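Contents: one structure, followed by commentary.
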Amino acid sequence: MIALLKDKPRLHNIIADSDTPEGKAFDIAVMIAITISLLVAFVESMPAVEGRFKFILTVLEYVLTFFFTIEYALRIYSSPEPKKEALSLFCIIDLMAIMPLYLSFIPCLSSTRYFFILRVFRLIRIFRVLRLFSFINEGYLLLQSIKMSIRKIAVYFLFVIILVTILGTIMFMVEGGQEGTQFTDIGTSIYWAIVTLTTVGYGDITPVTMVGRFLSGIIMILGYTIIAVPTGIVSATMIDETKKKGVGGRCPRCRQKTDLKANYCKHCGEKL
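The sequence shown runs 70 to 341 under the numbering used here.
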């Protein structure tokens, strides 16, 4: 163990690379620990859980948090660029997931008046589920595609905000002065426009005039045409990325899994 701690490159390969038997075993162990931790969080949130079973869940969470703490420390310790590694997405998620337990030992948070806040902090453990993306090559492809599409999606989101503001205002102008109307102000009308445009349709606010109902129908149909735009943007980016890196994160020649950031296959040398 001491020899492994001194051999940082080998330790880093085990933690960050799943191509070796040791790396695969480590990844499987982490995935199992994440799954167990999520199950513990789900069961622990049930009001009926108490007594000895509650104590077992608490001890199990302590053990898992200790395991994740060691894994987090070793990941940063073995990295060639510790600072960059510590600021990476999955390391931040790791830190968020393990901190709630340590916060419970702070005296000012152990008081009964802070108990509810503490339980909210502990729910951050659910973010561990995002760690599962780091073990799936295709998961990186999805995250990379979303990252590359974020500016287009932001423009689309701004367009939708402007659209629902205009539609909500128009509906307030049409329905606002009617007897028994539920469109009492522009804010409520914009809320209705958002619910209608996204095809959610709670039905808590409904138009009473023929013009308002006709406009509602147009907004409903319009919702079907624009709601899939972000999906199309991300899908197009994913297709482009897949073409650049091979099919499904695999080399087009030897069909072995490759690093999606690589320009050449590490197995056969094929240009990706």
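By construction, the Cβ of each residue, glycine as well, lies at the ideal position given by its N, Cα and C atoms. Note that the structure is a prediction, hence the values are computed from the model and not measured.
With respect to the 7 Å criterion, Met217 and Thr300 are not classified as neighbours on the basis of their beta carbons. Counting other Cβ atoms within 10 Å of its Cβ, Glu130 reaches 16 or more and is therefore classed as buried.
Put simply, the backbone Cα of Met165 is about 14 Å away from that of Ser106. Membership of Glu119 in any alpha helix (DSSP H) is not indicated, and neither H nor E is assigned to it by DSSP. Per DSSP, the continuous alpha helix (DSSP H) segment holding Asp163 begins and ends at 158-172. Shown here for Glu154: same chain residues with a beta carbon closer than 7 Å to its own, the five before and five after excluded, namely Arg144, Ile145, Ser148, Cys160 in chain order. About 5 Å separates the beta carbon of Phe241 from that of Ile255, a gap short enough to meet the 8 Å contact definition.
DSSP places Tyr333 within a strand segment (E or B) once states are collapsed to three. Looking at Ala262, Ile215, Thr250, the one whose alpha-carbon comes closest to that of Thr238 is Ala262. The closest CA to that of Val298, considering only Ser258, Leu284, Val229, is found on Val229.
Ranked by how close their Cα comes to the Cα of Leu108, the residues Ser258, Asp309, Ile125, Asp96 have Ile125 in first place. The stretch 265-302 contains, as complete alpha helix (DSSP H) runs of 4+ residues, the segments 279-295 (chain order).
Taking C-alpha positions only, Pro276 is separated from Ile296 by approximately 22 Å. In the DSSP annotation of this structure, the continuous segment of the alpha helix (DSSP H) that includes Thr104 starts and ends at 90-113. In this structure Val233 is buried. Its beta-carbon is surrounded by 16 or more other beta-carbon atoms within 10 angstroms. For Thr138, the CB contacts under 6 Å within the same chain, skipping 5 residues up- and downstream, are Ile167 in chain order.
Between the alpha carbons of Val99 and Phe136 lies a gap of roughly 9 Å. A Cβ-Cβ contact shorter than 7 Å links Thr278 with Gln247. Between Ile162 and Val303, the CB-CB gap reaches or exceeds 7 Å.
Under the three-state reduction of DSSP output, Phe252 falls in the coil class, being neither helix nor strand. When C-alpha distances from Phe226 are compared across Tyr333, Thr267, Glu244, the shortest belongs to Thr267. In the structure shown, Glu150 falls within a coil segment according to DSSP collapsed to helix, strand and coil.
In this structure, Ser173 is the residue among Ser173, Gly249, Val280 with its C-alpha nearest to the C-alpha of Thr127.
Judged by DSSP secondary structure, Ile84 falls within the alpha helix (DSSP H) whose first and last residues are 77-85. In this structure, the straight-line span from the alpha carbon of Ala85 to that of Arg220 is close to 30 Å.
Taken through DSSP and simplified to helix, strand or coil, Ile175 comes out as coil.
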